Amino acid sequence: MRAEELVEKYSKMLYRLAYSRTQNRHDAEDIVQEVFYKYLKANVVFNDEEHRKAWLLKVAVNTGKSWVTSAWNRHRADLDEAVDITNTMEEIGEVYDAVSKLPEKYRLVVHLYYYEDLSINEISAITNMKVSTVKSLLRRSREKLKKALEEEQYEF
Amino acid sequence: MNFNERYKRDNEKIVPDEKFLVGLTERLQNDEAMRASEKTDLSHNHTHRNNKTQKGFIADSDHSNTMNNLHNRKNIWIIGITAACLIIVISIFALGRSEIISNNTRDKQPLKIHGNKIEKPADDTIEEKTTQDTSESSNTDESDTLENIFENSSWYTKGEAPTKVYERFLERLKNDQDLKTIYMSHENVFSNENVMNENEFSTLIDKISSVTEYSGDIDQTGEEVFYMSEFRNGDIIKFTIVDDQYLIIKGIEIIYKIN
């Protein structure tokens, strides 16, 4: 798949996954960029588009893990970029805002389950977490989200 | 109201910046072109060598045809036996593997809220734990590639001494066999317009050639300049210089003060 096609087809998917984790536009962009570079470098032959998608998601999950505690992010936080981010979450929507308040691992499984419509097994394979861990994180996420959104009475 | 639908709807508002996408597409296309050109150079050298070899055989065609026939029959036997052994090994291996991913299996349980009463699904309705093959596929080549990517996914080792990390970073920047392109921008967005020229690059290297570790915070009063360096092995290292005094490399915990 050519670069232009790749960006067209998968940039939003990867960006949304990355943003759900980092809650930061620039870090999300950097993750997307790194994933595409890794894709070009790896030059893997895929069985089908589902296969390609799973591969990209897996690489995206594993990219950027060390950035959270880095000086770069601390400096960005000092510049009050975090405040802008909080406002942005509320503007996106109350459901997204509620999810954004969950710890990172919870946000990840919620995103993969509810946005990417992946199964527990697929999430386990992509994140390298045990199936029981994924189930547990999802269960706890639902409990926390129900509390946060109890007025709205969402169906999960 | 359905959480799933609402969460998806909220996500539709999250889109990458158009300027970022344009810059990214350009850089990926540049990278593609470079890889294609490297492949062409390699295959041209290979063809050239083959041609030279072939010319040497043409002069002795009868003898070489007989030898080729014998050689080919021998090769066919070797290939056949090897293939048979491989099939046997793969079959034995495949028998021991468990199922991994199935797109058809979803464990989504309806979770309805009626006032204060919450109905949870029974635990045994959620799918059983299965043994996972995290390579996701029976394609050995792909799983090898994934492992290689994750093994060397960082250009530095976590916990490595900051001075060592910095030295490696500087060495890589100075090595034109390693560094492919470097960009400079006053915002954290890069495109082909931001590629540094030689003078700018020399100035940068001179500036950051001597640093010390800095454990304090930065109270930024001046400008911040962003850099992005792309390396031939696919590594991307972003860094920034704040107030012309502090060097921050993305992913690294400490800050360096420029001497």
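Chains as they are written, first to last, in this note's numbering: chain A, 1 to 156; chain B, 1001 to 1259.
Every residue, glycine too, gets a C-beta built ideally from N, C-alpha and C.
All figures in this text were calculated on a predicted structure; none of them were measured in a lab.
What's the C-alpha gap between residue i and residue j?
| i | j | result |
| --- | --- | --- |
| Ala-1036/B | Val-7/A | 19 Å |
| Thr-127/A | Trp-55/A | 11 Å |
| Met-13/A | Tyr-1007/B | 14 Å |
| Ser-20/A | Leu-138/A | 15 Å |
| Tyr-1256/B | Asn-121/A | 43 Å |
| Tyr-1156/B | Ala-1084/B | 44 Å |
| Gln-1220/B | Ser-141/A | 38 Å |
| Tyr-1214/B | Thr-1025/B | 36 Å |
| Arg-107/A | Ser-100/A | 7 Å |
| Lys-948/B | Thr-1203/B | Not covered by the structure: residue 948/B. The range shown for chain B is 1001 to 1259. |
| Ile-1248/B | Val-1242/B | 8 Å |
| Lys-9/A | Phe-36/A | 12 Å |
| Asn-1197/B | Gln-1177/B | 17 Å |
| Glu-4/A | Ser-11/A | 10 Å |
| Ala-42/A | Asn-1233/B | 11 Å |
| Lys-119/A | Ser-1191/B | Sequence inspection shows Ser at residue 119/A; the Lys mentioned does not correspond to that position. Roughly 38 Å separates the two Cα atoms. |
| Val-1022/B | Phe-1169/B | 28 Å |
| Trp-1077/B | Met-129/A | 46 Å |
| Leu-17/A | His-111/A | 7 Å |
| Lys-1174/B | Val-1211/B | 16 Å |
| Glu-152/A | Asn-1002/B | 10 Å |
Thinking just about the alpha-carbon of each residue, which of the options is nearest to the one in residue i?
| i | options | result |
| --- | --- | --- |
| Met-89/A | Phe-1231/B, Asp-1010/B and Glu-1224/B | Asp-1010/B |
| Met-1184/B | Asp-1178/B, Ile-1087/B, Thr-1240/B and Ile-1014/B | Thr-1240/B |
| Thr-22/A | Asn-62/A, Ser-132/A and Glu-91/A | Asn-62/A |
| Ser-1209/B | Ile-1237/B, Glu-1171/B and Ile-1236/B | Glu-1171/B |
| Asn-73/A | Val-134/A, His-26/A, Lys-146/A and Phe-156/A | His-26/A |
| Ile-1252/B | Glu-49/A, Val-45/A, Gly-64/A and Ile-92/A | Gly-64/A |
Against chain A, does residue i count as a neighbour if the rule is that its beta carbon must be under 7 Å from one of theirs?
| i | result |
| --- | --- |
| Thr-1025/B | yes |
| Asn-1188/B | yes |
| Leu-1173/B | no |
| Leu-1204/B | no |
| Phe-1020/B | yes |
| Gly-1251/B | yes |
| Ile-1088/B | no |
| Ile-1248/B | yes |
| Glu-1334/B | No statement about residue 1334/B is possible, as the shown extent of chain B runs from 1001 to 1259 and does not include it. |
Compare the C-beta of residue i against all C-beta atoms of chain B and say whether one is closer than 7 Å.
| i | result |
| --- | --- |
| Asn-141/A | Strictly speaking, residue 141/A in this sequence is Ser, with Asn absent from that position. Chain B, which has no Cβ nearer than 7 Å to the Cβ of Ser-141/A, makes this no. |
| Ile-123/A | no |
| Ile-109/A | The question names Ile, but residue 109/A in the sequence shown is Val. No, Val-109/A does not count as interfacial toward chain B. |
| Gln-23/A | no |
| Ile-31/A | no |
| Val-95/A | yes |
Using 10 angstroms around the beta-carbon of residue i, count the other beta-carbons present and answer buried if the total reaches 16, otherwise exposed.
| i | result |
| --- | --- |
| Arg-1027/B | buried |
| Ile-1205/B | exposed |
| His-1044/B | exposed |
| Asp-1261/B | What the structure shows of chain B is the stretch from 1001 to 1259, and residue 1261/B is not part of that stretch, so it cannot be assessed. |
| Pro-103/A | exposed |
| Ser-136/A | exposed |
| Ala-98/A | buried |
| Asn-1199/B | exposed |
| Asn-1259/B | exposed |
| Val-131/A | buried |
| Asp-1041/B | exposed |
Listed in chain order, which residues of the segment 1001–1018 of chain B have Cβ atoms closer than 8 Å to some Cβ of chain A? Met-1001, Asn-1002, Phe-1003, Asn-1004, Arg-1006, Tyr-1007, Lys-1008, Arg-1009, Asp-1010, Asn-1011, Lys-1013, Ile-1014, Val-1015, Pro-1016 and Asp-1017
Would you list, in chain order, the members of the segment 47–65 of chain A that have their beta-carbon closer than 8 Å to a beta-carbon of chain B? Asn-47, Glu-50, His-51, Ala-54, Trp-55, Lys-58, Val-59, Asn-62 and Thr-63
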